[in-house]
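One point on numbering: in numbering that gives the first Met the number 0, the residue at position 16 of the sequence shown is 15, and numbering is uninterrupted. Here a beta-carbon is modelled for each residue, glycine too, at the ideal position from N, C-alpha and C. This structure is a prediction, so every number in the text was calculated from the model and none was measured. Here the structure comes first, spelled out in C-alpha cells, and everything after it is commentary.
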Amino acid sequence: MEEMQARFVERLMKDAASDPQACSTAFAPSNIALCKYWGKRDAILNLPVNSSLSISLGSLGTRTDVRRIDAPADAVHLNGLEVPAELPFARRLSGFLDLLRPWLGAGALEVDTRNTIPTAAGLASSASGFAALVLALDRLGGWGMDRRSLSMLARLGSGSAARSVYDGFVQWHAGHDPAGGDSFAERIDSEWPELRIGIVELCVEEKPVGSRDGMNRTAATSALYASWPAQAAADLDLLRNAIAERDFATLGRTAERNALAMHATMLAAWPPLLYFQPGTVEAIHRIQRLRADGLAVYLTIDAGPNPKLLFRSSDEPALRAAFAGLRVADPFGAASPA
Ligand code: PMV
Numbered sequence: 000m001e002e003m004q005a006r007f008v009e010r011l012m013k014d015a016a017s018d019p020q021a022c023s024t025a026f027a028p029s030n031i032a033l034c035k036y037w038g039k040r041d042a043i044l045n046l047p048v049n050s051s052l053s054i055s056l057g058s059l060g061t062r063t064d065v066r067r068i069d070a071p072a073d074a075v076h077l078n079g080l081e082v083p084a085e086l087p088f089a090r091r092l093s094g095f096l097d098l099l100r101p102w103l104g105a106g107a108l109e110v111d112t113r114n115t116i117p118t119a120a121g122l123a124s125s126a127s128g129f130a131a132l133v134l135a136l137d138r139l140g141g142w143g144m145d146r147r148s149l150s151m152l153a154r155l156g157s158g159s160a161a162r163s164v165y166d167g168f169v170q171w172h173a174g175h176d177p178a179g180g181d182s183f184a185e186r187i188d189s190e191w192p193e194l195r196i197g198i199v200e201l202c203v204e205e206k207p208v209g210s211r212d213g214m215n216r217t218a219a220t221s222a223l224y225a226s227w228p229a230q231a232a233a234d235l236d237l238l239r240n241a242i243a244e245r246d247f248a249t250l251g252r253t254a255e256r257n258a259l260a261m262h263a264t265m266l267a268a269w270p271p272l273l274y275f276q277p278g279t280v281e282a283i284h285r286i287q288r289l290r291a292d293g294l295a296v297y298l299t300i301d302a303g304p305n306p307k308l309l310f311r312s313s314d315e316p317a318l319r320a321a322f323a324g325l326r327v328a329d330p331f332g333a334a335s336p337a
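In C-alpha cells:
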C-alpha cells in the first residue's frame, strides 16, 4: 500500500524545487460538497468514482504550523493539546509525513494544527487539515509546487482535502488514469458574494463510522449505490450551470437532493449507515417548513449528523432566528488568512 503511494509521490515530486526552511505555516479552508464524493475507484491512491463540487468556507478551516525538531519522533498538537503518538490521529499524520520526508530533508517534525471547526463531526476538518499540512510542507521544503499537484498530494491524506487547497467553488475531477495523475481539484472561476453556509452544530462527538469506511461499505453492500455515479454526474452539471447563471433555487435544490441521495445509498447498505440523529431529522423538517413558508433555504449534509444550510445573505436574520447558535460562513468574504 505504502509502496503505491510512494511511487505516486515520487512522480509528483520530480519537478519540485528545494529550498528548505526551519519552519512554516499555512491556512486551508474547510469545504462543503454540494455534489458529494462518495465511493473510491482506488482506495490506496484515493481516486474517486465520481467528480465532486464544493464550496470552501472562507475563514473556517485549519491553520497548521510545521517546525523541524531534533527528536526521535514527530510531535503532534491538535488545538493546543499534545496528541500521543499511538493515537490514530497522530499515526495517520506521521504516516503521511513519512511519504513526503525524503523531499523535506528532515527527520522529525513538530506539527501544530488548529481547527476553527469541530474535528471529525462531519464538518470536513480532515479536508482542511490535510490541505493546510500540504501547503505548509510545500513552504517548509521550498518546493514551489502548483496547486494542482498540491491538491493531488492532499488527496492522498483525505479525498476531500484535494478541494481544500482552494477558496471559493471547487471541482475535483475524478479522472480516469489508474495511476491517479488526472484526479485533482480546480477552482471554478466564479464568485457569489451573497451566498452563505450555515452550520447547525447538533453534535460535536466523533462519528462512529468515518467517511472512508462508510463509503467502502456502501459501495460494497448497497444495491442503491449503482445509481449514484449517474446521479452525481447529472447533479454536477446542474450545479455548474446554476453557479454560472446565479440560479440559487437550482443550486440549493440540486445540493439538497444530491446529499439526500447519498444518504439513501448509505441507508441501503448493510449494516445500514444512519448518520442522522433525532435532532438532524427535526432540523430537516424545520428547513422544509421554512421553505414551504417562502424562505429560500436548502440543506446539505455529509457523513455525520450536522446539517449545513444554504441561503443568501438577505435571509441571514431569519435563519439565525430559526436556528439558535447557527454558525454562518461567508465563503467569498474577507480573504482567508494565507
Ligand atoms: O475525504 P473523506 O474521506 O473524509 O470523504 C468525504 C466524504 C463526504 O464528506 C461525505 C463527501 C464530500 O465530498 O466531502
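Three-state secondary structure assigned by DSSP to residue i
| i | result |
| --- | --- |
| H172 | coil |
| L46 | strand |
| G197 | strand |
| D64 | strand |
| A160 | helix |
| E255 | helix |
| A25 | strand |
| V82 | strand |
| L272 | coil |
| L103 | coil |
| S150 | helix |
| G57 | strand |
| S17 | coil |
| M144 | coil |
| D97 | helix |
Beta-bridge pairing of residue i - partner residues as DSSP gives them
| i | result |
| --- | --- |
| L52 | C34 and Q170 |
| E185 | Q170 |
| E281 | Answer by DSSP bridge pairing: none, since E281 is not bridged. |
| L289 | Answer is none; L289 lacks a bridge partner. |
| D41 | L46 |
| A74 | E109 |
Where the alpha helix (DSSP H) through residue i begins and ends
| i | result |
| --- | --- |
| A131 | S124 to G140 |
| E2 | E1 to M12 |
Span of the beta strand (DSSP E), counted from its first residue to its last, around residue i
| i | result |
| --- | --- |
| D111 | L108 to N114 |
Anticipated Cβ contact below 8 Å, residue i with residue j, distance rounded
| i | j | result |
| --- | --- | --- |
| Q170 | S50 | 6 Å |
| S53 | N30 | 4 Å |
| S182 | A130 | With a Cβ gap of about 15 Å, S182 and A130 do not count as contacting. |
| R25 | T63 | One point to set straight first is that residue 25 is Ala, not Arg, in the sequence displayed. Sure, about 6 Å apart at Cβ, within 8 Å. |
| R195 | R311 | 7 Å |
Problem set entry | 4-residue-minimum alpha helix (DSSP H) runs that sit fully inside the region 213 to 252, ordered along the chain | The alpha helix (DSSP H) runs lying completely inside the region 213 to 252 and spanning 4 residues or more are 227 to 244, given in chain order.
Exercise. Unbroken beta strand (DSSP E) runs of length 3 or more, entirely within the region 295 to 332: which are they?
Worked result: 297 to 299, 307 to 311 and 326 to 328
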